[in-house]
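Undergrad:
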Amino acid sequence: MLPHSLSPGSFTILTLAVVSSFFIFLRDDPQEEGLEFWMFAKNHYVMYQEEFEKAKDPKVNGDLIAYGAMERRLLSGVLSDTPVPDLVEVQLTMASRFFSGPIEAVGFTDLRPLLEAEGLDKRINPASFSPWTREGRIFGLPHDMHPVMLGYRADIVEAAGIDVNEIETWEDFVRILTPLMRDFDGDGTLDRYLLDLWETDYFGIEMLLLQAGGWYFDRTGAPAMNSDINIKVLATMVHWTTGPSRIGVNVPRFDAEGNRMRLEGGVIFQFMPDWYAGVMQQDVPGLAGKMKMMPLPAWEPGGRRTSCTGGTMLSIPRRAAKPEAAWEFAKKLYLGTEVAEKLYQQAMIVSPVIDNWDEDFYDEPIPYYSGQPVGRLYLELAPEIPQRVPSAFMVMAQQSMINAFIRTRRNAREAGVHEVEDVLDLARAELDAAQTLIENKMRRNTFLNPMEEQP
Amino acid sequence: MSLSRTHPSWVPYFFIAPFLIIFSVFMVYPLLNSISLSAFQSYGPQFSTFVGLDNFKNVFQDPDFWTAVKNTLIYSCASVMIQLPLALGLAMLLNRPDVKAKGFFRLIFFSPALVGLVFVAILFGLLLGARDGLVNETLRHVIPGFPAEFFWLQRYVMPALILASLWIYVGFNMVYFLAALQSINRDQIEAAMIDGANALQRFVHVILPAIKPVAGFVVLLSIIGSLQLFELPFILLGGAGPENRGLTLVMYLYQNGFEQNDLGYASAIGWILAIFLMGIAIVHRRLTREEL
Numbered sequence: 000m001l002p003h004s005l006s007p008g009s010f011t012i013l014t015l016a017v018v019s020s021f022f023i024f025l026r027d028d029p030q031e032e033g034l035e036f037w038m039f040a041k042n043h044y045v046m047y048q049e050e051f052e053k054a055k056d057p058k059v060n061g062d063l064i065a066y067g068a069m070e071r072r073l074l075s076g077v078l079s080d081t082p083v084p085d086l087v088e089v090q091l092t093m094a095s096r097f098f099s100g101p102i103e104a105v106g107f108t109d110l111r112p113l114l115e116a117e118g119l120d121k122r123i124n125p126a127s128f129s130p131w132t133r134e135g136r137i138f139g140l141p142h143d144m145h146p147v148m149l150g151y152r153a154d155i156v157e158a159a160g161i162d163v164n165e166i167e168t169w170e171d172f173v174r175i176l177t178p179l180m181r182d183f184d185g186d187g188t189l190d191r192y193l194l195d196l197w198e199t200d201y202f203g204i205e206m207l208l209l210q211a212g213g214w215y216f217d218r219t220g221a222p223a224m225n226s227d228i229n230i231k232v233l234a235t236m237v238h239w240t241t242g243p244s245r246i247g248v249n250v251p252r253f254d255a256e257g258n259r260m261r262l263e264g265g266v267i268f269q270f271m272p273d274w275y276a277g278v279m280q281q282d283v284p285g286l287a288g289k290m291k292m293m294p295l296p297a298w299e300p301g302g303r304r305t306s307c308t309g310g311t312m313l314s315i316p317r318r319a320a321k322p323e324a325a326w327e328f329a330k331k332l333y334l335g336t337e338v339a340e341k342l343y344q345q346a347m348i349v350s351p352v353i354d355n356w357d358e359d360f361y362d363e364p365i366p367y368y369s370g371q372p373v374g375r376l377y378l379e380l381a382p383e384i385p386q387r388v389p390s391a392f393m394v395m396a397q398q399s400m401i402n403a404f405i406r407t408r409r410n411a412r413e414a415g416v417h418e419v420e421d422v423l424d425l426a427r428a429e430l431d432a433a434q435t436l437i438e439n440k441m442r443r444n445t446f447l448n449p450m451e452e453q454p
Numbered sequence: 000m001s002l003s004r005t006h007p008s009w010v011p012y013f014f015i016a017p018f019l020i021i022f023s024v025f026m027v028y029p030l031l032n033s034i035s036l037s038a039f040q041s042y043g044p045q046f047s048t049f050v051g052l053d054n055f056k057n058v059f060q061d062p063d064f065w066t067a068v069k070n071t072l073i074y075s076c077a078s079v080m081i082q083l084p085l086a087l088g089l090a091m092l093l094n095r096p097d098v099k100a101k102g103f104f105r106l107i108f109f110s111p112a113l114v115g116l117v118f119v120a121i122l123f124g125l126l127l128g129a130r131d132g133l134v135n136e137t138l139r140h141v142i143p144g145f146p147a148e149f150f151w152l153q154r155y156v157m158p159a160l161i162l163a164s165l166w167i168y169v170g171f172n173m174v175y176f177l178a179a180l181q182s183i184n185r186d187q188i189e190a191a192m193i194d195g196a197n198a199l200q201r202f203v204h205v206i207l208p209a210i211k212p213v214a215g216f217v218v219l220l221s222i223i224g225s226l227q228l229f230e231l232p233f234i235l236l237g238g239a240g241p242e243n244r245g246l247t248l249v250m251y252l253y254q255n256g257f258e259q260n261d262l263g264y265a266s267a268i269g270w271i272l273a274i275f276l277m278g279i280a281i282v283h284r285r286l287t288r289e290e291l
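Same order as they appear, the protein sequences are chains A and B. Oh and the first sequence: position 202 is 201 in numbering that gives the first Met the number 0, straight run, nothing missing. Oh and the second sequence: position 33 is 32 in numbering that gives the first Met the number 0, straight run, nothing missing.
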């Protein structure tokens, strides 16, 4: 009956709809056997291939997924019960997205009982757990520590007869090295600066805050934007980027313009977390043999000589199909020496696993860094790495700190001041405003209880 | 032969059913659901707390919201005040009978609209780079003593956004105006010329009334498009930019809904924006109805 009552066109459309629907419903999504492992970093994916091939029971299927796409898929999986992997590498900023709801909604397995039962918590640098810990629960195995040193143009510094071992504090740094800044073309504008530090670059800002003992949040997770330490660091950063006391310059990372400045000596010292030491070798090969590393100058004599930035964890989603197998593979991958060696040799990232710190490969001289054993230098600083309190409001706090920096610097310029003591009040006013902003935003979130003490 | 005699009565409903189902599932239901969602603080669909009208109250008390409103309104005003007169001017130039290669120029002016906002954002990022940007390189050659680093994207955020959008949308809107201008009866213009009307009088009394319906439509589209601005600052500034100077209403919604995962708060922002847009549409409709 149906074909006779429809025109040929209508009949064709209807037939196509029915046939295609039939095939769509029949189509079965191929379910791969073994563990599903999502990651966003290509170099990790390449490094782990051998481990994936070795794993047989169960086998491991590694999926390299673009950062943004992985974040959305994982959030959907955690929040809306769409498929999740058995293992996933989560970067620091991405992790903060998963911490903005109630604690029971964090979609990752609490690894603390497993870590403690197997004594693994003692084998890993304690500071490396801090970004992945909320309300006493540890949601991931740390991939890295990311200690920070200063990378510098040894050819320029040594040609001037300067011994960086004489530099202990930031005050020494400025006093001893300022003569190296240059105005090559005589136009009144400096063409060579001391430090890669700028108001829009949270990279340097965060490293200096952490080194000084400051951070956006206190140990309870409550905002601490206007702490005395943060005020002092902000005032110092304004001092270093304003007026005649300026030593800082904007040198973008992962950028041709920034790399040209590095190559041409537009900046002498750069904040260098371990991962960036690896990036420099690839992105600016022209500096091979001209670079060296030194610990960060301390804020006061005897103070901390390093900091940290970024980070990645390996997590097991709560809805993972094979959590036990995932945990076994995670330990093999992250705690073993083989991957640690590859991680160092290919990306210069030093392992957070204390057992691995005695390995010889960390002592090998690195030609790019004038033969220094860079791995060993980073590891010597590892025990000093500051702890970071995680927060769902971290990105917001980063932006507020940058805005406070921009405004303080502008206000200082307009007021014609640049000495730290003169800038302190301006910095305090901006950080008070930032504190109020973050407090109000956090107050709105009824899921979070910032007053609970972190362990 | 009438339709009812060739087809059973259910056939039309059957064929519009797929659209209706998809529209209901993906438009009507989410729209209605967002009304109730705006009264909750949420973390995904499984965790929510009833907060009544607090989301709306918090939106209006949040200084970031007002920054977003200010930025969006400045951008929208610039879109209408600068973009549309330029588009109309270009259309009038191309509509002159003595202009050669009209098709070529039409293509040139329209082509930026083909590439999309993301590409434009990347392109302007390269143009306005602090040291090696094409603009600064050129200025250093032309103006002696021009600084080695000049941060256009820090100091002139809104002008950079407006400039980028001019580049992409002037040609796009020009096409609408050109179509409207080409539909004007030449006899009317010639009659005005015979009556002694000068160029300005011809524009005000003949051309403008003739293109008014199209102009009204273009103004409405521009305002609505401007109020929905998101991709351009998001890519060009990598977010809201220094001091939130590139924060727009839709970006504010995105930050809260998809970075903080609070879809309830984002729904409240969405409804405020929707009500604002509806208000503009109603005003526009009233104004155009009066004209008719």
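Every residue gets a Cβ at the ideal spot worked out from N, C-alpha and C, and that includes glycine.
(1) One question on the structure: do residue 361/A and residue 349/A come within less than 8 Å of each other, judged by their Cβ atoms?
(2) Note down, in chain order, all residues in the region 399-424 of chain A with a beta-carbon under 8 Å from any beta-carbon belonging to chain B.
(3) For residue 98/B, which residues in the same chain have their Cβ closer than 8 Å to its Cβ, ignoring the five residues on either side in sequence?
(4) By a C-beta neighbour count over all protein chains shown, 10 Å radius and 16 as the cutoff for buried, is residue 444/A buried or exposed?
(5) Let me confirm a value: residue 47/A is counted as buried when at least 16 other C-beta atoms fall within 10 Å, else exposed. Which label applies?
(6) Listed in chain order, which residues of the region 90-121 of chain A have Cβ atoms closer than 7 Å to some Cβ of chain B?
(7) Pairs of beta-carbons, one from the region 231-251 of chain A and one from the region 188-207 of chain A, closer than 8 Å: are there three or more?
(8) For residue 203/A, collect the residues of the same chain with a Cβ closer than 6 Å to its Cβ; drop the 5 residues on either side in sequence, then sort them by chain order.
(9) Name the chain A residues whose beta carbon is nearer than 9 Å to that of residue 135/B?
(10) What runs of the beta strand (DSSP E), each 3 residues or longer, lie entirely inside the region 43-127 of chain B?
(11) Whole angstroms is fine: what's the gap from residue 86/A's alpha carbon to residue 287/A's?
(12) Since I believe residue 167/B is in contact with residue 294/B (beta carbons under 8 Å), could you give me their beta-carbon distance rounded to a whole number of angstroms?
(13) My output table needs one value for residue 147/A: the three-state DSSP class, helix, strand or coil.
(14) Under the three-state reduction of DSSP, which class applies to residue 244/B: helix, strand or coil?
(15) Please decide whether residue 221/A counts as near chain B, where near means a Cβ-Cβ distance under 8 Å.
(16) What does the alpha-carbon distance come out to for the pair residue 205/B and residue 12/B?
(17) Inspect the CB distances between the region 399-408 of chain A and the region 319-335 of chain A and report whether three or more fall short of 8 Å.
(18) Going by the CB atoms, is the gap between residue 110/A and residue 139/A shorter than 8 Å?
(19) Can you tell me which residues form a DSSP beta bridge with residue 247/A?
(20) Go through the region 189-260 of chain B residue by residue and report every complete run of the beta strand (DSSP E) that reaches 3 residues or more, in order.
(21) Just tell me which of 161/B, 212/B, 66/B, 20/B has its CA closest to the CA of residue 77/B.
(22) Considering only their Cβ atoms, is the gap separating residue 10/B from residue 9/A smaller than 8 Å?
(23) Verify the CB distance criterion: does residue 21/A have a CB-CB separation below 8 Å to chain B?
(24) If I'm right that residue 427/A touches residue 225/A with Cβ under 8 Å, what's the distance once you round it to whole angstroms?
(25) Is the beta carbon of residue 126/B closer than 8 Å to that of residue 116/B?
(26) Is the distance from the Cβ of residue 152/A to the Cβ of residue 289/A below 8 Å?
(27) Taking only beta-carbon atoms, is residue 256/B less than 8 Å away from chain A?
(28) What is the rounded straight-line gap between the Cα of residue 254/B and the Cα of residue 229/B?
(29) Pick out the complete alpha helix (DSSP H) segments inside the region 124-191 of chain A, 4 residues or longer, and give them in chain order.
(30) Quick one, which of 276/A, 374/A, 77/A, 162/A has its alpha-carbon nearest residue 355/A's?
(31) If you measure from the beta carbon of residue 10/B to each beta carbon in chain A, is any gap under 8 Å?
(32) Based on the DSSP secondary-structure assignment, which residues constitute the bridge partners of residue 61/A?
(33) Anyone know if the C-beta pair for residue 259/B and residue 391/A falls short of 8 Å?
(34) Give me the chain A residues within the contact set of residue 48/B, using Cβ-Cβ distance strictly less than 8 Å, ordered along the chain.
(35) Can you give me the C-alpha to C-alpha distance between residue 72/A and residue 129/A, rounded to a whole angstrom?
(36) Starting from residue 312/A, follow the beta strand (DSSP E) in both directions and report where the run begins and ends.
TA: Well, looking at it:
(1) yes
(2) With the criterion set as a beta carbon lying under 8 Å from some beta carbon of chain B, the members of the region 399-424 of chain A are 401, 402, 405, 406, in sequence order.
(3) Closer than 8 Å at Cβ, skipping near neighbours: 92, 104.
(4) buried
(5) buried
(6) 96, 99, 100, 101, 104
(7) yes
(8) 196, 270
(9) Going along chain A, no residue has its Cβ under 9 Å from residue 135/B, so there is no contact; the nearest lies around 10 Å.
(10) Within the region 43-127 of chain B, the complete beta strand (DSSP E) segments at least 3 residues long are 46-49, listed from N- to C-terminus.
(11) Cα-Cα distance, rounded: 37 Å.
(12) The question about residue 294/B has no answer here: the residues shown for chain B are numbered 0 through 291.
(13) strand
(14) coil
(15) no
(16) 47 Å
(17) no
(18) yes
(19) 194/A
(20) none
(21) Nearest neighbour of residue 77/B by Cα position, chosen from 161/B, 212/B, 66/B, 20/B, turns out to be 161/B.
(22) yes
(23) No - not a single Cβ of chain B is within 8 Å of the one on residue 21/A.
(24) 7 Å
(25) Contact flag unset, no.
(26) yes
(27) no
(28) 11 Å
(29) 153-158, 169-176
(30) 374/A
(31) For residue 10/B, the answer is yes, since a Cβ of chain A falls inside 8 Å of its Cβ.
(32) 36/A
(33) The answer is yes: Cβ separation under 8 Å.
(34) The answer, in chain order, is 445, 446.
(35) Each residue's alpha carbon lies about 25 Å from the other.
(36) 311-314
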